[in-house]
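Worksheet: one structure, shown below.
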Amino acid sequence: MITFDNVTKIYPNQTTPALSGVDVHIDKGEFAFLVGVSGSGKSTFLRLITRELRADSGRVLVDGQDVGRLGQFRVPRLRRKVGMIFQDFRLLPGKTVYENVAFALQVIGRPSAEIRERVPATLDLVGLSTKGDRLPEELSGGEQQRVAIARAVVNDPLVLTADEPTGNLDPATSVGIMKLLDRIHRRGTTVLMATHDATIVDQMRRRVIELDAGSVVRDQATGAYGTA
Amino acid sequence: MRHTLRETWSGLRRNMSMTVSVIITMWVSLALFGASLMTIAEVDELKGDWYDRIEISAFLCNQDSAANGLGGNCVEGENVTGEQREAIRSVLEADPNVETIYYQTKQEAYEEFQATYGDNPVGDSLTVEQMQEVFRVKLKDPQDYQGVITKLSVLEGVQNVQDLHTILDPFFRVINALKWGTLGIACVLLLAGSLQIANSIRISAFTRRREIGIMRLTGASTTYILLPFLLEALFSGVIGSLLACGVMAGLQYFVVDTLSSHQTLASFGWIGWGQTCPAMLVVLAVGVVLSVLPTLVVTRKYLRV
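Protein chains in written order, with the numbering used here: chain A, -19 to 208; chain B, 3 to 307.
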């Protein structure tokens, strides 16, 4: 599903690469953690998948497509295959929970009949079926992240990338979010999560890819946060 | 589509005062631009019309010519001689730019004077002998008149060479200055108008930057994101253009058509709807371009993938 083929990324005006010579392959339906200290290249890794960034050398393949070579007008199609969630939720404050989730379908031109069907089903999946008419500010952090997850998966993406999704949440809430991500993974979505929450990684016992200064230093099928 | 229209409308409403000021600026600048287009067409019309009528008149000597200090090439107390007259005629006939030559005798000049100023008391005291013989010359290219005048003015027996250019040229210089002046001011105003559109769209895009960010990450197409901004800019641009076209139609209907139907002015060349309608289309096109272009420029930053 996702292949990094000798990928190097150097930000403008910087000498040390954010990623250097990264080779990673993630299969369809996998659940993988991306760990490492801040600045190790986790976010860069995720942003290369969604073509927010372009590799300076090497190839990034998503669903068989070389995303670095996508034309400007093809990028939206790629993003429809990849759901994204972030540490800061990124919800629209003026819209209700329902509208926030529906927005993701509206802007890619889905018919309203489909929206009326999918949004409640997705809110149900994330456990917010009773809170559709609330505004984000009326929700707890964990609930807000659930809305963001609902928005990311309402279009049934092939891949879900999560950049520190539990970074702003307390441990108990984080467990709930992880359970939800696990549920989404079991529906067949490939999940790639960048985190430095050791507890979560240790509990989940999934594949762990560790980055250090832009290089993959560890890639274990069922790993823990620290070196096992 | 509904989303697009809703976003457009909310953008316009959010910036209501800005929208109004943009429309007014576009209106005034496009109206001025349109008016200067019409002026240009009108000046061309007048120029063609008047220059077509221009003829050069070479007044020949009579016995009084040298005496009253406007002698030209005359000898005191003598009329132009037959030889001199024929020499002048042959110079004119040899000139390739001369189309027709019409010779008027003193008698004919006297009759014409009487016909034109018959009631004037001056006419009574004038005699045939006081009149001057005249060569009236029509040119093939009225713009190129200097050569013929230079040639004529050195010939023996020519008292004075008159042509309307000496009167019309300063007049057209003033009109030309006015014409280019209005066009220049209109262009500066148009620049201000399009910058204002750029600003209002920049504000619109900035207030919607969160939405735009989310649209981009959920895979909305560039067109989808751009459309509300384009429509917002077009709204102001097109309304401003239409108002300007209204002003132009008003100018044509109330000013030009009224003047041209006035008895004494009807003989001048006047522009008609045939010139004003294309000018209105130009104004509309300029309005559209000046709203779309700045929008594309300022939204580029927000649309970069």
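The beta-carbon is built from N, C-alpha and C at its ideal position, and this holds for glycine as well.
Within chain B, no C-beta atom comes nearer than 7 Å to that of A:VAL42; the closest sits roughly 13 Å away.
Within the DSSP secondary-structure output, B:ILE58 pairs in a beta bridge with B:VAL139, B:ASP165. If you check the CB distance, A:LEU140 and A:ILE164 come in under 8 Å. What A:LEU72 touches in chain B, judged by beta-carbon distance under 9 Å, is ARG212, GLU213, ILE216, going in chain order. DSSP places A:VAL42 outside any alpha helix (DSSP H); the residue lies instead in the beta strand (DSSP E), whose first and last residues are 37 to 42.
Here the region 34 to 52 of chain A does not lie against the region 174 to 188 of chain B, with fewer than 3 beta-carbon pairs under 8 Å apart.
Within the region 77 to 90 of chain A, the residues whose Cβ lies closer than 9 Å to some Cβ of chain B are ASN80, PHE83, ALA84, LEU85, GLN86, VAL87, ILE88, GLY89, listed in chain order. Cα atoms of A:ASP150 and A:GLN124: separation of roughly 13 Å, rounded to the nearest angstrom. At least one beta carbon of chain B lies nearer than 8 Å to the beta carbon of A:ARG59. For A:GLY63, same chain residues with a beta-carbon under 6 Å away, outside a window of 5 residues either side, are ALA132, VAL133, PRO137, LEU140 in chain order.
Taken in chain order, the complete beta strand (DSSP E) segments of 3 or more residues contained in the region 50 to 84 of chain A are 62 to 66. Annotated as proximal: A:ALA128 and A:ARG70, with beta-carbon spacing under 8 Å. Counting only runs of 4 or more residues that sit fully inside the region 220 to 267 of chain B, the alpha helix (DSSP H) segments are 224 to 252, 259 to 263, in chain order. Just so you know, the alpha carbons of B:MET3 and B:TRP272 end up roughly 47 Å apart. Proximity to B:ASP165 across B:LEU197, B:LEU154, B:ARG175 peaks at B:LEU154, based on C-alpha coordinates.
With a threshold of 8 Å between beta carbons, B:HIS5 makes contact with chain A.
By the C-beta density criterion, A:ALA178 is exposed, having fewer than 16 other C-beta atoms within 10 angstroms. In its chain, beyond the 5 residues on either side, LEU48, ASP51 have a beta carbon closer than 7 Å to the beta carbon of B:PHE270. Any Cβ of chain A closer than 8 Å to the Cβ of B:TYR255 would place that residue at the interface, and such an atom is absent. Residue contact check for A:PRO145 against chain B: no CB pair falls below 8 Å. Inclusion of A:GLY38 and A:VAL77 in the CB contact set at 8 Å is not warranted, their separation being larger than that value. The criterion of a C-beta distance shorter than 8 Å is not satisfied by B:GLN109 and B:VAL136.
When DSSP reads this structure, A:MET173 sits in a beta bridge with A:PHE13, A:ALA142. In the same chain as B:GLU114, and ignoring 5 residues on each side of it, the C-beta atoms closer than 8 Å to its own belong to GLN106, in chain order. At a beta-carbon threshold of 9 Å, none of the residues of chain A lie near B:THR209; the nearest stands roughly 11 Å away.
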